[in-house]
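What follows is a short report on a single structure.
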Amino acid sequence: MRLFSILAAIVVGALIYAFVLERDQFAALFASDEESAQVEQGDDAQDAAAEDEGGDSERVRVVAVRSTARLVDTSIVVRGQTEADRQVQLLAQTTGQVISDPLKKGAFVERGEILCRLDPGTREANLAEAIARLAEARAQVPSAEAQVPSAEASVEEARARVLEANARLREALINSNAASRLSEEGFASQTRVAQTEAEVEGARAQIVSAEAGLKAAQSGLESASAGIEAARAGIESAQATVAAARKEIENLTISAPFSGLLESDTAELGSLLQTGGLCATVIRLDPMVLVGFVPETQVNQVISGAPAVAGLTSGDQVEGKVVFVSRSADETTRTFRVEVEVPNPDYILRDGQTAEIRIEAEGQEAHLLPQSALTLNDDGMLGVRVVSDRGEAKFMPVRLLRDTPTGVLLTGLPDTADVIVIGQEFVGDGVAVEPSFQELGQ
Numbered sequence: 039m040r041l042f043s044i045l046a047a048i049v050v051g052a053l054i055y056a057f058v059l060e061r062d063q064f065a066a067l068f069a070s071d072e073e074s075a076q077v078e079q080g081d082d083a084q085d086a087a088a089e090d091e092g093g094d095s096e097r098v099r100v101v102a103v104r105s106t107a108r109l110v111d112t113s114i115v116v117r118g119q120t121e122a123d124r125q126v127q128l129l130a131q132t133t134g135q136v137i138s139d140p141l142k143k144g145a146f147v148e149r150g151e152i153l154c155r156l157d158p159g160t161r162e163a164n165l166a167e168a169i170a171r172l173a174e175a176r177a178q179v180p181s182a183e184a185q186v187p188s189a190e191a192s193v194e195e196a197r198a199r200v201l202e203a204n205a206r207l208r209e210a211l212i213n214s215n216a217a218s219r220l221s222e223e224g225f226a227s228q229t230r231v232a233q234t235e236a237e238v239e240g241a242r243a244q245i246v247s248a249e250a251g252l253k254a255a256q257s258g259l260e261s262a263s264a265g266i267e268a269a270r271a272g273i274e275s276a277q278a279t280v281a282a283a284r285k286e287i288e289n290l291t292i293s294a295p296f297s298g299l300l301e302s303d304t305a306e307l308g309s310l311l312q313t314g315g316l317c318a319t320v321i322r323l324d325p326m327v328l329v330g331f332v333p334e335t336q337v338n339q340v341i342s343g344a345p346a347v348a349g350l351t352s353g354d355q356v357e358g359k360v361v362f363v364s365r366s367a368d369e370t371t372r373t374f375r376v377e378v379e380v381p382n383p384d385y386i387l388r389d390g391q392t393a394e395i396r397i398e399a400e401g402q403e404a405h406l407l408p409q410s411a412l413t414l415n416d417d418g419m420l421g422v423r424v425v426s427d428r429g430e431a432k433f434m435p436v437r438l439l440r441d442t443p444t445g446v447l448l449t450g451l452p453d454t455a456d457v458i459v460i461g462q463e464f465v466g467d468g469v470a471v472e473p474s475f476q477e478l479g480q
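Dropping the structure here:
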C-alpha cells in the first residue's frame, strides 16, 4: 500500500509538470495528429474529385448567356421616293390666241388664279345669236298651244256628224224594210222601195264622209300637239346652243385648280393654243407623299395611320404617317405600294428625291444577342444553339428581326433561353456541354 501511494504521487507529479511546464510540446503533438487526419481527409476528397473529373471529361466546355425576351418596337424599312401630292397639266379645251402675260415657272399660284386667257373672237356674238334663237323658240310655244283647242273642237264636231250619219242610216234601213214588206203585200209601189233603198245608200255615204272628217280632225289635233312638242324641242335645242356658247367662253380662261407651284412657264403671249395645247403644269408639294413598295411578306404589318420616318440622301429627316396601302400587288415585283404623307410647308422636299422609309409596326417579343451567336444547321437554316434542360446542345431556328449597334434582334426562341455564344460551332444536337455563363451586355 505504501509503495502504491508513492507510485501514484510520482505519476500525478509528472502529469502536473507536463501540463504546466511542457504545455507547448503537448499542443504541438496534438496538432500533428489533427493535421494527419486532415491530410487523410484531403486525400480522400482528391480521389473523389478525380473520379468526378473522369465522369465529366466527356462534356464540352462552352460559353453561354441567359437571354430573356423583351418587347421591342419593330419597323419596316423600304426604299422609295418623294412624289408631289397633286400634279396636273392644264390643257386648252378650245382654240385661240393667248392674250395674257406669261407667268414664270417656280411661281406660287393660288387656286382659281388665271394662268392663260385666250382671245374670244366671235364667241360673244355666237352667244348673243343663241340667246335670240332661244327667245324665238319660246315664243312659238303659245302659238302652238293655241291651235290645240280649235283642233279639239273640230274633232268633237266630226264625231257628232258621224253619230248623225249613223242615225240617218238606221232610219233609212227601217223605211226600206217597211217599204219592202208593203210592196210584197201590194200596198206599196216599187218606186217607193227604190226610193228607200236610195236613202239607205245616201246615209251610208254620209257615214263614210263623217268618218273621214273625224280622221282629218284627229290628224289636225295630232299636228297641233306635234307643233307643241316641236316648239319645246326647239327651246331645248336653243338652250343647249346657249350653254355650249357660254362654255366655249368659259374655256377661254384657264385657271389653277389648286394652290401650288408652276413647274413650267405658262403659254407665251401671242402664241396660238390649239385644243389640247399645254398652258402650264402645276404641282402641289405640301404635303409631300413618300412612295415605297413593301414585299408581300411584310405588307400585313403595315396599317393605315402608322407613324413613319424617312431619311433623304440630302441628310434631311422627315416624319409622317401612312395614308395608303395598296390592295393590289405589282404584277412584276409582287410588292405593294405604300404612301406616307409628310408636311412640307417650306418646300424643302422636291419631287423625285430618293428616300429610305422606316414604317413603325406592332411590337414583338425578341432576344438581343451577339451576331456571333448565329449559326447554320446542316440544312442551311439560320439559328442558334441553346443549352437544354438535360445539359445538351440543341439547335433552334430563329428569324432575324433587325440589326442594332449592340447586336441582332431575333424571334423564334422561348421567353428565356441559355444561348451558346462561344463554342456553338463545335457541338451538335445532343452533345453534352458544360456551359460557363457570362453577363449579356443588353
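Just so you know, we're using our numbering here: the sequence shown kicks off at 39 and counts up by one.
Virtual Cβ for every residue (Gly too), placed ideally from N, Cα, C.
State the CB to CB distance for the pair residue 405 and residue 350, rounded to an integer number of angstroms; the pair is presumed to be in contact (CB under 8 Å).
Locating residue 405 in the sequence shown gives position 367, counting from the first residue. Locating residue 350 in the sequence shown gives position 312, counting from the first residue. In this structure, residue 405 and residue 350 do not form a Cβ contact; the two beta carbons are roughly 33 Å apart against a cut-off of 8 Å.
Is residue 327 helix, strand or coil by DSSP?
For the purposes of this step, residue 327 is identified with residue 289 of the sequence shown, where counting begins at 1. Looking at residue 327 - three-state DSSP - the assignment turns out to be strand.
Between residue 278 and residue 199, is the Cβ-Cβ spacing less than 8 Å?
Numbered from 1 along the sequence shown, position 240 holds the residue referred to as residue 278. Numbered from 1 along the sequence shown, position 161 holds the residue referred to as residue 199. Contact flag unset, no.
Along the beta strand (DSSP E) that carries residue 337, what are the first and last residues, could you check?
-> Taking the first residue of the sequence shown as 1, we reach residue 337 at position 299. Run containing residue 337: none; DSSP gives neither H nor E here.
Practice task
Report the rounded CA-to-CA distance for residue 464 versus residue 475, giving the unit in angstroms.
Solution key: Within the sequence shown, numbered from 1, the residue matching residue 464 stands at position 426. Within the sequence shown, numbered from 1, the residue matching residue 475 stands at position 437. One C-alpha to the other measures close to 17 Å.
Problem - Contiguous alpha helix (DSSP H) assignments of at least 4 residues, all confined to the segment 103-128 - result: Fully enclosed alpha helix (DSSP H) runs of 4 or longer: not present.
key: Where the beta strand (DSSP E) through residue 345 begins and ends   = What you label residue 345 is simply residue 307 of the sequence shown in a count that begins at 1. First-last of the beta strand (DSSP E) with residue 345: 345-350.
Three CB pairs or more closer than 8 Å across the segment 335-346 and the segment 390-405:
Segments in contact, yes.
Does the ligand SAH have a heavy atom nearer than 7 Å to the CB of residue 338? Because no ligand of any kind appears in the structure shown, any question about the ligand SAH cannot be addressed here.
query = When you compare only the Cα positions, how much space is there between residue 193 and residue 187?
reply = Translated into positions along the sequence shown, residue 193 becomes position 155. Translated into positions along the sequence shown, residue 187 becomes position 149. Between residue 193 and residue 187, the C-alpha separation is close to 10 Å.
Backbone CA spacing between residue 460 and residue 387 [nearest angstrom] = Looking up residue 460 in the sequence shown gives position 422. Looking up residue 387 in the sequence shown gives position 349. Going by the C-alpha atoms only, they are around 48 Å apart.
>> Quick check on the DSSP output: what are the complete alpha helix (DSSP H) runs of length 4 or more inside the segment 191-272, in order along the chain?
In response: Runs of alpha helix (DSSP H) with 4 or more residues, each lying fully within the segment 191-272, are absent.
Q.
If I measure Cβ to Cβ from residue 462 and keep anything under 8 Å in the same chain, skipping five residues before and after, which residues do I get?
A. Sequence index remark: in the sequence shown, residue 462 carries index 424 (1-based). Cβ neighbours of residue 462 beyond the five flanking positions: 100, 411, 413, 422, 423 and 431.
Distance CB(residue 380)-CB(residue 326) smaller than 8 Å: Sequence index remark: in the sequence shown, residue 380 carries index 342 (1-based). Sequence index remark: in the sequence shown, residue 326 carries index 288 (1-based). A contact, by the Cβ cut-off of 8 Å.
- Message: As a quick exercise: from 330, 157 and 168, pick the residue whose alpha carbon is nearest that of residue 121.
- Response: As a first step, residue 121 is located in the sequence shown; it is residue number 83 there, counting from the start. Comparing Cα-Cα distances from residue 121 to each of 330, 157 and 168, the minimum goes to 330.
Boundaries (first-last residue) of the beta strand (DSSP E) holding residue 449
Within the sequence shown, numbered from 1, the residue matching residue 449 stands at position 411. DSSP places residue 449 in the uninterrupted beta strand (DSSP E) bounded by 445-449.
**Study point:** Opposing strand residues paired with residue 455 [DSSP bridges]
**Key:** Translated into the one-based positions of the sequence shown, residue 455 becomes position 417. Beta-bridge pairing links residue 455 to 105.
Please state if the CB of residue 259 and the CB of residue 197 are separated by a distance shorter than 8 Å.
For the purposes of this step, residue 197 is identified with residue 159 of the sequence shown, where counting begins at 1. For the purposes of this step, residue 259 is identified with residue 221 of the sequence shown, where counting begins at 1. Their beta carbons are not under 8 Å apart, which means residue 197 does not touch residue 259 by this criterion.
* If we ignore side chains and look at the alpha-carbon of each, how far apart do residue 323 and residue 149 end up? -> Translated into the one-based positions of the sequence shown, residue 323 becomes position 285. Translated into the one-based positions of the sequence shown, residue 149 becomes position 111. Here the C-alpha atom of residue 323 lies approximately 14 Å from the C-alpha atom of residue 149.
| task | Classify residue 80 as helix, strand or coil using the three-state DSSP reduction. | result | As a first step, residue 80 is located in the sequence shown; it is residue number 42 there, counting from the start. Because residue 80 sits at a pLDDT of 43, beneath the cut-off of 50, its placement in the model cannot be relied upon, and the point is left open.
Discussion item. Quick check on residue 91: does DSSP put it in helix, strand or coil?
Written reply: As a working mapping, residue 91 is identified with position 53 in the sequence shown. Because residue 91 sits at a pLDDT of 45, beneath the cut-off of 50, its placement in the model cannot be relied upon, and the point is left open.
Quiz item: Is it buried or exposed for residue 473, if we count other Cβ within 10 angstroms and need 16 for buried?
Solution: Within the sequence shown, numbered from 1, the residue matching residue 473 stands at position 435. Residue environment analysis places residue 473 among the buried positions, since at least 16 neighbouring C-beta atoms fall within 10 angstroms of its C-beta.
**Message:** From the DSSP secondary-structure annotation, give me the bridge partner or partners of residue 314.
**Reply:** Start at 1 with the first residue of the sequence shown, and residue 314 comes out as number 276. Beta-bridge partners assigned by DSSP to residue 314: none are found.
**Own chain residues within Cβ distance below 8 Å of residue 145, not counting five before or after** = By one-based count along the sequence shown, residue 145 stands at place 107. Excluding residues within five positions, the ones whose Cβ falls inside 8 Å are 299 and 300.
Cβ-based neighbour list, residue 436, same chain, cut-off 7 Å, excluding 5 preceding and 5 following
As a first step, residue 436 must be located in the sequence shown, where it is residue number 398. Result list for residue 436: 420, 421, 422, 448, 449, 450 and 451, in chain order.
Three-state secondary structure (DSSP) at residue 364?
-> The sequence position of residue 364 within the sequence shown is 326, counting from 1. DSSP places residue 364 in coil when its eight states are reduced to three.
Residue 265 burial status per 10 Å Cβ neighbour count (16 or more: buried)
Taking the first residue of the sequence shown as 1, we reach residue 265 at position 227. Buried, by the Cβ-count rule.
Q.
Assuming residue 442 is part of the beta strand (DSSP E), what are its boundary residues?
A. Numbered from 1 along the sequence shown, position 404 holds the residue referred to as residue 442. Taken as a continuous stretch (DSSP letters only), the beta strand (DSSP E) holding residue 442 covers 437-442.
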